[in-house]
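Undergrad:
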Amino acid sequence: MKSLTSLFREASKPKKYFTSNNCQRVFSSSNTENGTKTTSMNMFQAIGSALDQTLKSNPNSVVFGEDVAFGGVFRCSMGLQEKYGRQRVFNTPLCEQGIAGFGIGLAVTGTTAIAEIQFADYMFPAFDQIMNEAAKYRYRSGNEFSCGKLTIRAPCGAVGHGALYHSQSPEAYFSHTPGLKVVIPSSPTKAKGLLLSCIKDDDPCIFLEPKVLYRSITEEVLEEPYELPLGKADIIRKGDSITLIGWGTQVHVLIETADLARQQLGINCEVIDLVSILPWDSETVCNSVKKTGRVIIAHEAPLTSGFGAEMAATIQEECFLYLEAPVQRVTGFDTPFPHVFEPFYLPNKWRCLHAIKDAMKY
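This note's numbering applies: residue 8 is where the sequence shown begins, and numbers increase by one.
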């Protein structure tokens with residue numbers, strides 16, 4: 008019989024919710040046109056590259072947050088303080104409300120402020136600053152002022168052992184707030200391009216980084232700066248039987264689900280990476296659903312009032328006459344995020360495959 012200590016050690020090991028080889032195959036990029044140079048990067052390296060290039064090209068930019076001076080908990084800002092100095096890359100007190108408020112003040116005065124909240128779960132104390140100040144600054148000043156130079160980064164989602172204070176996916180909270188933009192990348196290439204777009208955007212941006220993806224995927228990423236459009240979904244795989252929609256880690260779960268559906272059921276799934284939560288690309292989603300007639304939305308956050316509910320409502324309004332089955336959601340459960348039961352809580356490929364079977368049989 009295993010000892011209690013060994014059981015805790017096993018429970019604390021990161022779990023595999025998808026196979027990294029599959030992700031690497033699906034997201035492999037060939038960004039070598041016109042002689043542009045690429046480097047193999049995982050997601051935290053791609054994010055670090057975006058921060059580095061921003062600090063290099065924009066002398067009025069700063070990076071700050073809890074422990075960012077030594078690289079941050081996930082090492083995304085590693086080496087930046089040594090390179091750019093303590094005036095531009097620095098630690099803050101352990102006060103998320105203060106971090107957000109400080110960032111707003113910097114952005115309003117013209118500084119490009121890139122704040123890190125150590126975990127997305129810690130953003131809740133900063134809600135007043137983000138929702139009532141940052142998001143509404145442009146509106147309440149009659150477009151005279153804004154804090155569009157503010158980007159708030161935060162690791163989000165499950166990681167295998169994070170439990171209730173280090174595993175949440177809070178995107179739905181922010182999606183209910185006009186004035187913000189909310190982005191969740193699913194690969195290193197997207198992480199770099201989307202982060203650079205957020206940093207240059209005219210509105211304050213929430214950039215949520217699925218922490219289980221930090222080291223599980225590598226891609227050939229362009230060394231030079233580049234931007235990817237916000238508010239534009241990405242059709243990862245084309246199909247005509249059913250539409251599968253996810254963001255962040257769930258994109259990879261849905262890719263594996265699509266493989267299973269093809270092998271076991273002979274079904275061709277269309278897989279969409281939503282990319283941006285606010286604004287979200289309803290046009291791409293609805294065009295796909297009108298083609299397939301069936302749709303499944305997967306996300307780690309709880310079912311009730313998750314962003315999948317907003318998508319389901321829009322799909323029902325825009326695609327009602329095209330639907331062959333009810334819109335289905337495969338999500339986390341309406342409970343606090345568990346520790347040892349995390350594998351049962353998360354939407355995995357088997358739960359998603361079961362939803363596909365239900366939709367096809369309807």
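All C-beta atoms, glycine included, are put in the ideal place defined by N, C-alpha and C.
Remember, it's a predicted structure, so these values are computed and weren't measured experimentally.
Leaving out the 5 sequence neighbours to the left and right, which residues in its chain are closer than 8 Å to Val-115 when beta-carbon positions are compared?
TA: For the purposes of this step, residue 115 is taken as the residue at position 108 of the sequence shown. Result list for Val-115: Tyr-144, Phe-152, Ser-153 and Cys-154, in chain order.
Undergrad: Are Leu-62 and Ser-56 close, meaning C-beta to C-beta below 8 Å?
TA: Here the question's residue 62 lines up with position 55 in the sequence shown. Here the question's residue 56 lines up with position 49 in the sequence shown. Their beta carbons are not under 8 Å apart, which means Leu-62 does not touch Ser-56 by this criterion.
Undergrad: Checking the sheet assignment: what are the DSSP bridge partners for Val-189?
TA: Locating residue 189 in the sequence shown gives position 182, where the first residue counts as 1. Paired residues: Ile-213 and Leu-285.
Undergrad: Can you name the residues that DSSP bridges to Gln-335?
TA: The count along the sequence shown starts at 1 and reaches residue 335 at position 328. Partner(s): Ile-303.
Undergrad: Extract the residue ranges of the beta strand (DSSP E) inside the segment 188–273, only unbroken runs of 3 or more that lie entirely within it.
TA: Correct list: 188–190, 212–217, 226–229, 241–244 and 249–253.
Undergrad: Let's test the definition: count the other Cβ atoms within 10 Å of the Cβ of Asn-49 and tell me whether it reaches 16, buried, or not, exposed.
TA: Here the question's residue 49 lines up with position 42 in the sequence shown. Flag for Asn-49 reads buried.
Undergrad: So what does DSSP say about Tyr-24, is it helix, strand or coil?
TA: Residue numbering aside, residue 24 sits at position 17 when the sequence shown is read from its first letter. Confidence at Tyr-24 is low in this model, with a pLDDT of 41, below 50, so the placement of that residue is unreliable and no value is reported for it.
Undergrad: Roughly how far, in whole angstroms, is the beta-carbon of Val-228 from the beta-carbon of Thr-256, given that I think they are within contact range, below 8 Å?
TA: Mapped onto the sequence shown, residue 228 falls at position 221. Mapped onto the sequence shown, residue 256 falls at position 249. The pair is not a contact, with the Cβ atoms about 19 Å apart (cut-off 8 Å).
Undergrad: Apart from the five residues on each side of it in sequence, which residues of its chain come closer than 6 Å, Cβ to Cβ, to Ala-170?
TA: In the sequence shown, the residue the question calls residue 170 occupies position 163. Hits under 6 Å: His-346.
Undergrad: DSSP on Asn-275, reduced to helix/strand/coil?
TA: Against the sequence shown, residue 275 aligns to sequence position 268. Three-state result, Asn-275: coil.
Undergrad: In its own chain, which residues sit with a C-beta less than 6 Å from the C-beta of Ile-242, not counting the 5 before and 5 after it?
TA: On the sequence shown, position 235 is the one that residue 242 refers to. Once the five neighbours on either side are set aside, the close Cβ partners of Ile-242 are Ile-279.
Undergrad: Assign Thr-342 to one of two classes, buried (16 or more other C-beta atoms within 10 Å of its C-beta) or exposed (fewer than that).
TA: By 1-based counting over the sequence shown, the position of residue 342 is 335. Per the 10 Å Cβ criterion, exposed.
Undergrad: At a cut of 8 Å, does the segment 320–327 reach the segment 261–276 through at least three beta carbon pairs?
TA: With the cut-off at 8 Å, the segment 320–327 and the segment 261–276 do not touch.
Undergrad: So is His-173 buried or exposed if we call it buried at 16+ other beta carbons inside 10 Å?
TA: As a working note, residue 173 is residue 166 in the sequence shown. Flag for His-173 reads buried.
Undergrad: Less than 8 Å between the beta carbons of Gln-52 and Pro-232, yes or no?
TA: The residue you call residue 52 lines up with position 45 of the sequence shown. The residue you call residue 232 lines up with position 225 of the sequence shown. No.
Undergrad: With C-beta atoms as the reference, is Ile-284 less than 8 Å away from Ser-182?
TA: In the sequence shown, residue 284 corresponds to position 277, counting from 1. In the sequence shown, residue 182 corresponds to position 175, counting from 1. A contact, by the Cβ cut-off of 8 Å.
Undergrad: So the candidates are His-168, Thr-158, Ala-165 and Thr-118; which of them puts its Cα closest to the Cα of Ile-213?
TA: The count along the sequence shown starts at 1 and reaches residue 213 at position 206. When each option's Cα is compared against that of Ile-213, the closest is Thr-158.
Undergrad: DSSP beta-bridge partners for Thr-46?
TA: Numbered from its first residue, the sequence shown carries residue 46 at position 39. Paired residues: Val-228.
Undergrad: Please classify Pro-354: does DSSP put it in a helix, a strand, or coil?
TA: Mapped onto the sequence shown, residue 354 falls at position 347. Coil at Pro-354, not helix or strand.
Undergrad: In or out: Lys-364 buried (at least 16 other Cβ within 10 Å) or exposed?
TA: Counted from its first residue, the sequence shown places residue 364 at position 357. Flag for Lys-364 reads exposed.
Undergrad: Round the Cβ separation of Pro-211 and Leu-187 to the nearest angstrom and send it over; I've been treating them as touching at under 8 Å.
TA: On the sequence shown, position 204 is the one that residue 211 refers to. On the sequence shown, position 180 is the one that residue 187 refers to. Going by Cβ atoms, the distance from Pro-211 to Leu-187 rounds to 6 Å, so yes, they are a contact pair.
Undergrad: Roughly how many angstroms separate the alpha carbons of Ala-362 and Phe-351, rounded to a whole number?
TA: Here residue 362 refers to the residue found at position 355 of the sequence shown. Here residue 351 refers to the residue found at position 344 of the sequence shown. Each residue's alpha carbon lies about 16 Å from the other.
Undergrad: Decide if Ser-295 is buried, meaning its Cβ has at least 16 other Cβ atoms within 10 Å, or exposed.
TA: For the purposes of this step, residue 295 is taken as the residue at position 288 of the sequence shown. So Ser-295 ends up on the buried side.
Undergrad: How many Å lie between Val-337 and Cys-83 at the Cα?
TA: The residue labelled residue 337 in the question sits at position 330 within the sequence shown. The residue labelled residue 83 in the question sits at position 76 within the sequence shown. Cα to Cα, Val-337 sits roughly 31 Å from Cys-83.
Undergrad: Using 8 Å as the threshold, is the C-beta distance between Pro-132 and Glu-103 below it?
TA: For this step, residue 132 is matched to residue 125 along the sequence shown. For this step, residue 103 is matched to residue 96 along the sequence shown. Cβ atoms of Pro-132 and Glu-103: closer than 8 Å.
Undergrad: Under a three-way DSSP split, which group does Asp-74 fall into?
TA: Numbered from its first residue, the sequence shown carries residue 74 at position 67. Asp-74 falls in the coil class under three-state DSSP.
Undergrad: Could you name the residues of the same chain whose beta carbon sits closer than 7 Å to that of Leu-87, not counting the 5 residues immediately before and after it, in chain order?
TA: Numbered from its first residue, the sequence shown carries residue 87 at position 80. Within the same chain, Leu-87 has close Cβ partners Leu-58, Asp-59, Leu-62, Val-70 and Val-96.
Undergrad: Tell me which residues share the same chain as Phe-340 and place their Cβ nearer than 8 Å to its Cβ, disregarding the 5 neighbours each side in the sequence.
TA: One-based indexing of the sequence shown puts residue 340 at position 333. Closer than 8 Å at the Cβ level, and outside the excluded window around Phe-340, lie Pro-309, Leu-310 and Tyr-352.
Undergrad: In three-state DSSP terms, what is Asp-280?
TA: The count along the sequence shown starts at 1 and reaches residue 280 at position 273. Note: Asp-280 maps to strand in three-state DSSP.
Undergrad: Who are the Cβ neighbours of Leu-101 in its own chain at under 7 Å, not counting the five residues just before and after it?
TA: Taking the first residue of the sequence shown as 1, we reach residue 101 at position 94. Hits under 7 Å: Glu-73.
Undergrad: Would Ala-316 pass as a contact of Cys-359 if the rule is Cβ separation under 8 Å?
TA: Looking up residue 316 in the sequence shown gives position 309. Looking up residue 359 in the sequence shown gives position 352. Against a cut-off of 8 Å, the Cβ pair of Cys-359 and Ala-316 comes out as no contact.
Undergrad: Could you give the distance in angstroms between the alpha-carbon of Met-138 and the alpha-carbon of Ala-161?
TA: Locating residue 138 in the sequence shown gives position 131, where the first residue counts as 1. Locating residue 161 in the sequence shown gives position 154, where the first residue counts as 1. Distance between the alpha carbons of Met-138 and Ala-161: 16 Å.
Undergrad: Measuring only between beta-carbons, confirm whether Ile-274 sits less than 8 Å from chain B.
TA: Annotation note: the requested chain B is absent from the structure, which comprises a single protein chain.
Undergrad: Is the closest heavy atom of the ligand FAD to the C-beta of Leu-220 under 7 Å?
TA: In the structure on display, the ligand FAD does not appear, and there are no ligands present to speak of.
Undergrad: Please tell me whether Gly-79 and Glu-123 are closer than 8 Å, where the distance is taken between their beta carbons.
TA: If you number the sequence shown from 1, residue 79 lands on position 72. If you number the sequence shown from 1, residue 123 lands on position 116. In contact: Gly-79 and Glu-123 (Cβ atoms closer than 8 Å).
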